[in-house]
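Just so you know, the sequence shown maps onto residues 472 to 1123 in our numbering.
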Amino acid sequence: MMMFKLISWNIRGLNDREKRRVVHSLLSGWRADIVCLQETKIEGDISEMVKQIWGGRWIRYACLKASGTRGGILLMWDARAWMGEVLEIVSYTITCKFESQTQNFSCHISGVYAPNCYKERRLVWEELSSVRGLMEGPWAMCGDFNVSRYISEKKNCNRRTKGMREFSDFIEDMELVDMHLEDAAYTWFKGDQQEAASRIDRIMISKEWDDTFNNLKQIPLQRLGSDHIPIALITGCWERNKSYFKFENWWLQSEGFVDRVREWWSSFRYTGRPDYVLACKLKALKLKLKEWKQEEGGNLGIQRRRLLEQLAELDTERVNRTLTVEETTKKAAVLLEYEELVKKEEVSWRQKLGVLWLKEGDKNTKFFHKMANAHRRYNNIDQLMIQGKVTQDRGRIEGEIIAYYKNLYRETHQWRPSYNNVECPMLTEEEKMSLQGIFEDNEVLNCLKLCAADKAPGPDGYTMGFFIKCWDVLKKDIMDTFQNFYEQEVFEKSFNATFIALIPKKKGANELRDYRPISLIGSIYKILSKVLTERLKVVIDRLVDSQQMAFIKGRQIMDAVLIANEAVDSRIKQKKPGILCKLDIEKAYDHVNWKYLLKILEMMGFGQKCLNWISFCISTFSFSVLINGSLAGFFKLKEDSGRVIHCPLSCS
């Protein structure tokens, strides 16, 4: 993947030699592809100055000259890497088209220096709106817009002005992505005491940038020689590996999909234990689905192009003559098919984003697209603090994350207190037998329907929606696997493979403790653990002490907050001193020793078969870590480890 760096800076004048040295130093260090400087305050020839501030005979530029000592824009690029073409230079903006000399990539860049008056700024919005029609593909807009968008972007601001609202409306109308500026709230400061500050400099991009690059970020650079901070758009710092298979739920709406799966499924021939046969069939089905995805039936892009081409042909014919009855009927059918395609796209984006509170048919594909790409940018790990230093080296980041999770779930202290005299609530014989009874078809299907159909898939790539839709096709193999688990108390260990996905707890996360690990488990194990969990729910309320307020149906963790509040209030009212102690055990469920857990369950009267099931479930996990959508590492938990992170059985 190519690297790309765009720097934008309001330099507040280039007439001073010392200022030019500062610019030269910054550009030499950052090795940018394209640079946009605003407020150059230069009315005459600028060619010699370009050599001084960037240097080299390969630098090309376009400039909007200043009006006296007001304004001026300089847009420069490295001709060794980019071929530039000036499209338009108007009162407040410069727009150029750039084509990479080494990659199959082109883009448009608009440099902006907007006036301070909101009425005059309307001319800027008009200039940029008109130039939008001259271009296709990725478009970036950078510069000093002399207006903020939100109250939070302006120091001591308590109301949103008309100019702010108009700026936001323009961004929405142009369908631009206003990227988050990392590690900085403002880009302009007044005076050394910073009595005034605001974010009036920014780089905005069209959605096509998100489609081209998997890692985009906007960062502030060192403030030198100006009351504005330079900002940079950086892309392509992390190249994705090949992603793993993910079932797309919109396939379920394709005509004849279940029949197609039934035909494939019945053609597979494997021998062995039922769980092994099921694993082999699911793996073989993935290959069939991948092949089908490359064809029109499984590819929305191919379907969209075909339908649009048909509509274009009919519209062309309509210009020259009246369409026949057959052609009119055909156009109506194509439009109807296109409407169905749009619904499938909504399902696809809903699944990618995980916005489960939005319903299918909301007709908000544009929203999905923007949010999914923003979601991806936010979750990217492009740098990490290792031994006190921030690094962007991919190999070191992967190694640190893998080592961290290998060590995190390994027990370091072997000593355990005796639990021989611990009194536990006991299961009745009826409860004991209900926990380890035979798995029935309806029980498994009902538990399957309780699982969210759109949740992120695990290593096998299948969603719960697939199993619900194709239950009649898969039922026999799944129930044979459950019956084998009932009798043999084991299942194919590949079912217990797990991906650890890291979700940032805050913006600007750069330490591993700033990330929350989420386990993505395989579909068959998810169904099995759901069945066991539903059985445990029947007895868990009586087995777990009432002081445990979370994870038990009918109890609320907020009750603990209310009790703590009452405890503090009572001390205040009584005017007596006291100590309030808050104990929070880090990843408590993940550090419970397996032998201890099984011993306590045995003391509660759990049957041996049920204990064997639970023991096998929690002791056979294997892990890989998902880093920026790619898999890294593979390791298993050893017997001296704690329990698996976020296992569905952990909190039951």
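Backbone N, C-alpha and C fix where the C-beta goes; we use that ideal spot for every residue, glycine too.
Decide if residue i is buried, meaning its Cβ has at least 16 other Cβ atoms within 10 Å, or exposed.
{"i": "Gly832", "result": "For Gly832, the predicted structure reports a pLDDT of 46, less than 50, and the residue's modelled location is therefore unreliable. A value from the coordinates is still provided. Gly832 should be labelled exposed."}
{"i": "Cys534", "result": "buried"}
{"i": "Asp654", "result": "exposed"}
{"i": "Asn891", "result": "exposed"}
{"i": "Tyr996", "result": "buried"}
{"i": "His651", "result": "exposed"}
{"i": "Phe569", "result": "buried"}
{"i": "Leu605", "result": "exposed"}
{"i": "Ile998", "result": "buried"}
{"i": "Ser479", "result": "buried"}
{"i": "Thr1091", "result": "buried"}
{"i": "Gln774", "result": "buried"}
{"i": "Pro745", "result": "buried"}
{"i": "Gly993", "result": "buried"}
{"i": "Arg488", "result": "exposed"}
In this structure, does DSSP put residue i in helix, strand or coil?
{"i": "Ser1000", "result": "helix"}
{"i": "Val1141", "result": "What the structure shows of the chain is the stretch from 472 to 1123, and residue 1141 is not part of that stretch, so it cannot be assessed."}
{"i": "Gly1104", "result": "strand"}
{"i": "Asp549", "result": "strand"}
{"i": "Gln509", "result": "strand"}
{"i": "Ser1095", "result": "strand"}
{"i": "Trp529", "result": "coil"}
{"i": "Met474", "result": "coil"}
{"i": "Thr800", "result": "helix"}
{"i": "Glu559", "result": "strand"}
{"i": "Asp833", "result": "The predicted position of Asp833 is uncertain, since its pLDDT is 46 and thus under 50; a value taken from the coordinates is nonetheless stated next. Asp833 falls in the coil class under three-state DSSP."}
{"i": "Ser479", "result": "strand"}
{"i": "Pro928", "result": "coil"}
{"i": "Glu514", "result": "coil"}
{"i": "Pro988", "result": "strand"}
{"i": "Val729", "result": "helix"}
{"i": "Pro745", "result": "helix"}
{"i": "Val1015", "result": "coil"}
{"i": "Asp698", "result": "coil"}
{"i": "Tyr584", "result": "strand"}
What is the rounded straight-line gap between the Cα of residue i and the Cα of residue j?
{"i": "Glu637", "j": "Cys578", "result": "26 Å"}
{"i": "Pro930", "j": "Lys976", "result": "24 Å"}
{"i": "Gly866", "j": "Ile690", "result": "23 Å"}
{"i": "Thr540", "j": "Lys512", "result": "4 Å"}
{"i": "Tyr584", "j": "Phe616", "result": "6 Å"}
{"i": "Thr706", "j": "Trp501", "result": "13 Å"}
{"i": "Lys1024", "j": "Thr632", "result": "49 Å"}
{"i": "Lys522", "j": "Asn720", "result": "56 Å"}
{"i": "Gly495", "j": "Met474", "result": "According to the sequence shown, residue 495 is His rather than Gly. Each residue's alpha carbon lies about 21 Å from the other."}
{"i": "Val796", "j": "Glu788", "result": "13 Å"}
{"i": "Val1032", "j": "Lys1053", "result": "11 Å"}
{"i": "Tyr741", "j": "Gly555", "result": "59 Å"}
{"i": "Gln693", "j": "Lys490", "result": "14 Å"}
{"i": "Gln1027", "j": "Asp504", "result": "55 Å"}
{"i": "Ala667", "j": "Pro1048", "result": "45 Å"}
{"i": "Glu679", "j": "Phe739", "result": "41 Å"}
{"i": "Met1020", "j": "Asp1030", "result": "7 Å"}
{"i": "Cys708", "j": "Phe684", "result": "Caution is warranted here: a pLDDT of 49 is assigned to Cys708, below 50, making its placement in the model unreliable, and the coordinate value is therefore given only provisionally. Spanning the two alpha carbons is a distance of roughly 9 Å."}
{"i": "Met547", "j": "Met856", "result": "34 Å"}
{"i": "Gly542", "j": "Tyr986", "result": "44 Å"}
{"i": "Val1039", "j": "Asn851", "result": "41 Å"}
{"i": "Arg1013", "j": "Asn770", "result": "51 Å"}
{"i": "Asn686", "j": "Asp853", "result": "8 Å"}
Report the CB separation of residue i from residue j in whole angstroms; it is logged as a contact under 8 Å.
{"i": "Ala552", "j": "Thr573", "result": "7 Å"}
{"i": "Trp659", "j": "Ile674", "result": "Not quite, the Cβ-Cβ distance comes to about 15 Å (not below 8 Å), so this is no contact."}
{"i": "Gly932", "j": "Lys717", "result": "5 Å"}
{"i": "Thr564", "j": "Ser581", "result": "6 Å"}
{"i": "Cys922", "j": "Lys1001", "result": "6 Å"}
{"i": "Ile939", "j": "Lys926", "result": "With 8 Å as the limit, Ile939 and Lys926 do not qualify as a contact, their Cβ atoms being about 12 Å apart."}
{"i": "Gly662", "j": "Val493", "result": "Their Cβ separation, rounded to whole angstroms, is 19 Å, which puts Gly662 and Val493 out of contact at 8 Å."}
{"i": "Ser562", "j": "Leu594", "result": "6 Å"}
{"i": "Glu510", "j": "Lys536", "result": "Glu510 to Lys536, Cβ: 12 Å. No contact."}
{"i": "Gly1076", "j": "Met897", "result": "4 Å"}
Checklist entry - So does the region 903-920 actually touch the region 938-956, counting three or more Cβ pairs closer than 8 Å? => result In short, these stretches touch, since the Cβ pair count reaches three.
Next on the checklist: Whether or not the region 529-544 and the region 722-737 are in contact is what I'm after, with contact meaning three or more pairs of Cβ atoms, one per stretch, closer than 8 Å; do they touch?
Outcome noted: By the Cβ rule, the region 722-737 does not count as touching the region 529-544, because fewer than three pairs are nearer than 8 Å.
Checklist entry - Can you find at least 3 beta carbon pairs, one from the region 638-656 and one from the region 611-621, that sit closer than 8 Å? => result yes
Checklist entry - Are the region 855-875 and the region 1089-1099 touching by the rule of at least three beta carbon pairs closer than 8 Å? => result yes
Next on the checklist: Any contact between the region 958-973 and the region 748-765? By contact I mean 3 or more CB pairs, one from each, below 8 Å.
Outcome noted: yes
Item to check | Stretch pair the region 1063-1072 + the region 1082-1090: three plus CB contacts closer than 8 Å | outcome: yes
Checklist entry - Using 8 Å as the Cβ pair cut-off and three pairs as the minimum, do the region 809-817 and the region 774-782 touch? => result yes
Checklist entry - Counting pairs of Cβ atoms below 8 Å between the region 595-609 and the region 619-634, do you hit three or more? => result By the Cβ rule, the region 595-609 does not count as touching the region 619-634, because fewer than three pairs are nearer than 8 Å.
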